[in-house]
Amino acid sequence: YLVGVHWWFVAPHMQYSSEMQDLREQQLRFRHTIEEKPAIEQRLAEVRAYERSDQAFLSETDANAASAALIQRLRQSMSEHVENEARCQNVSTQSFNAGGEETYQRVTVQARLKCDLEPLAAILYDLENGKPYLFVDQLMIYKQQSYRPRNVNVANTPLDVRFNLSGYLRQPGA
């Protein structure tokens with residue numbers, strides 16, 4: 001029996017039976033997945049709607065419009081927190097293309113301000129803690145060193161501040 005019958009006739013049928021059982025279990029899993037399809041599609045629609053309404057990303061569709069919006073946001077924050085415009089002024093702002101590999105497209109604006117410390121802290125706090133999420137990086141603060149007569153207070157000279165202000169578009173990156 002073991003030499004002539006079992007290995008030639010019974011063993012292949014046992015293997016077929018095992019494969020059929022595996023296929024039935026796989027079919028059952030697929031059937032359950034197909035039954036869950038409407039719930040999965042509904043959840044996917046909810047996630048897409050949430051993502052569209054999420055304000056973490058910049059609302060603009062292209063990098064140039066987003067750069068203009070970042071500059072406008074900086075100016076708006078300055079107008080809210082600066083009482084004396086002579087003590088805090090925007091020297092320059094320009095778009096900057098970092099060109100790095102990231103998941104989402106990054107829009108960066110290089111800014112240079114001459115500002116006192118108190119309004120500067122309020123401006124930076126306002127920029128980084130609002131929505132859409134903005135990031136201030138490469139912050140450099142210089143104290144102006146120049147000759148002043150003895151009767152002029154050196155503490156009243158504004159700081160020279162340079163930083164990059166960045167935000168992300170909803171579009172995929174490079």
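Numbers 1 to 174, taken from this note's numbering, label the letters of the sequence shown in order.
Virtual Cβ for every residue (Gly too), placed ideally from N, Cα, C.
| query | result |
| --- | --- |
| The region 118-131 in contact with the region 25-39 per 3-pair CB rule at 8 Å | no |
| Below-8 Å beta-carbon distance, proline 12 vs any chain B residue | Protein chains in the displayed structure number just one, and chain B is not present. |
| Presumed contact (8 Å Cβ cut-off) between asparagine 164 and threonine 108, rounded CB distance | 5 Å |
| Span of the alpha helix (DSSP H) around threonine 33 | 11-35 |
| Three CB pairs or more closer than 8 Å across the region 37-52 and the region 126-144 | no |
| Nearest-angstrom beta carbon gap, tyrosine 168 and phenylalanine 57 [assumed within contact, 8 Å] | 6 Å |
| Residues near methionine 78 in its chain [Cβ-Cβ closer than 7 Å; skip 5 each side] | Cys88, Asn90, Ile123 |
| Assigned exposure category for leucine 139 - 16 Cβ within 10 Å defines buried | exposed |
| 7 Å CB neighbourhood of arginine 75 in its chain, flanking five on each side removed | Asn90 |
| CA nearest to the CA of asparagine 84, picked from Val10, Glu118, Val5 | Glu118 |
| Separation of glutamate 80 from isoleucine 71, as counted between CA atoms | 14 Å |
| DSSP three-state assignment for alanine 56, whether helix, strand or coil | coil |
| Arginine 87 (DSSP reduced to helix, strand or coil) | coil |
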